[in-house]
Amino acid sequence: MSIDNKNKIQQQDLVVPNQPQKNLVRFNYHEDNEGLINRQINLELYASYVYMAMAHHFSRADVALKGHQEYFEKMSKEENEHANKFMKYQNKRGGTIVFLDIKKPQQQSWSSPLEAHEMALQLEKDVYQALLELHASAVKHDDPHLTNYLEDEFLDEQVESIKEYVGYIT
Numbered sequence: 056m057s058i059d060n061k062n063k064i065q066q067q068d069l070v071v072p073n074q075p076q077k078n079l080v081r082f083n084y085h086e087d088n089e090g091l092i093n094r095q096i097n098l099e100l101y102a103s104y105v106y107m108a109m110a111h112h113f114s115r116a117d118v119a120l121k122g123h124q125e126y127f128e129k130m131s132k133e134e135n136e137h138a139n140k141f142m143k144y145q146n147k148r149g150g151t152i153v154f155l156d157i158k159k160p161q162q163q164s165w166s167s168p169l170e171a172h173e174m175a176l177q178l179e180k181d182v183y184q185a186l187l188e189l190h191a192s193a194v195k196h197d198d199p200h201l202t203n204y205l206e207d208e209f210l211d212e213q214v215e216s217i218k219e220y221v222g223y224i225t
């Protein structure tokens with residue numbers, strides 16, 4: 056799943072218009088960052104959905120690779136936890152969570168664990184790229200709280216996930 060132009064979500068779909076004028080929690084939280092957080096929530100939920108599809112593929116009676124099923128189930132839960140962390144952060148900063156449609160995984164079955172891990176690697180790279188775009192926006196809009204949050208909670212973990220998948224593939 057590479058983030059391509061035809062599947063990009065428009066900025067106006069990521070932010071709720073006509074918010075109350077007096078939001079006492081919101082301070083130094085740019086609308087662009089709020090929108091990118093909503094995009095990240097959607098991407099993390101999509102990743103969870105893909106990993107759930109992989110987990111259940113490997114638990115099918117005709118495939119029966121329990122170790123892979125357990126691994127991808129763990130990854131699905133991890134991505135779901137990331138989405139929840141971003142939702143809590145959005146509320147903490149005074150933003151509004153916008154739930155978007157979660158598209159279905161591009162594949163429902165894989166010919167081998169290697170193929171699944173290759174797809175997972177690309178997915179992790181896509182998530183990392185979106186995190187980098189969010190981080191760049193936070194820097195651009197002088198939001199040190201968000202940059203620190205991303206650095207402390209997500210960026211290093213994402214690099215580790217990419218490294219882990221490369222290890223499985225090579």
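For the sequence shown, position 14 matches number 69 in the working numbering, and the numbering has no gaps at all.
For each residue, glycine too, the CB sits at the ideal point set by N, CA and C.
Since we're looking at a predicted model, the values are computed, not measured.
Using C-beta distances below 6 Å, list every residue in its chain close to residue i, excluding the 5 sequence neighbours before and after it, in chain order.
{"i": "Ala191", "result": "none"}
Could you give the residue range of the alpha helix (DSSP H) that holds residue i?
{"i": "Phe141", "result": "121-147"}
{"i": "Thr225", "result": "Neither: Thr225 is in no alpha helix (DSSP H) and is coded neither H nor E."}
{"i": "Arg94", "result": "86-113"}
Do residue i and residue j have their C-beta atoms within less than 8 Å of each other?
{"i": "Leu69", "j": "Arg94", "result": "yes"}
{"i": "Met109", "j": "Phe82", "result": "no"}
{"i": "Gln213", "j": "Tyr183", "result": "yes"}
{"i": "Asn97", "j": "Leu155", "result": "yes"}
Could you tell me if residue i is buried or exposed, where buried requires 16 or more neighbouring beta carbons within 10 angstroms of its beta carbon?
{"i": "Asn203", "result": "exposed"}
{"i": "Glu167", "result": "A small fix is needed here, since residue 167 is Ser in this sequence, not Glu. It counts as exposed."}
{"i": "Asn88", "result": "buried"}
{"i": "Leu79", "result": "exposed"}
Please return the same chain residues whose Cβ sits closer than 8 Å to the Cβ of residue i, not counting the five positions on each side in sequence.
{"i": "Thr225", "result": "none"}
{"i": "Ile157", "result": "Asn97, Leu100, Tyr101, Tyr104"}
Which residues in the same chain as residue i place their Cβ atom closer than 7 Å to its Cβ, once the five residues preceding and following it in sequence are excluded?
{"i": "Glu134", "result": "Glu99, Ala102, Ser103, Tyr106"}
{"i": "Gln124", "result": "Ala110, Phe113, Ser114"}
Does residue i have its Cβ less than 8 Å from a Cβ in chain D?
{"i": "Leu189", "result": "Here chain D cannot be found, since the structure has a single protein chain."}
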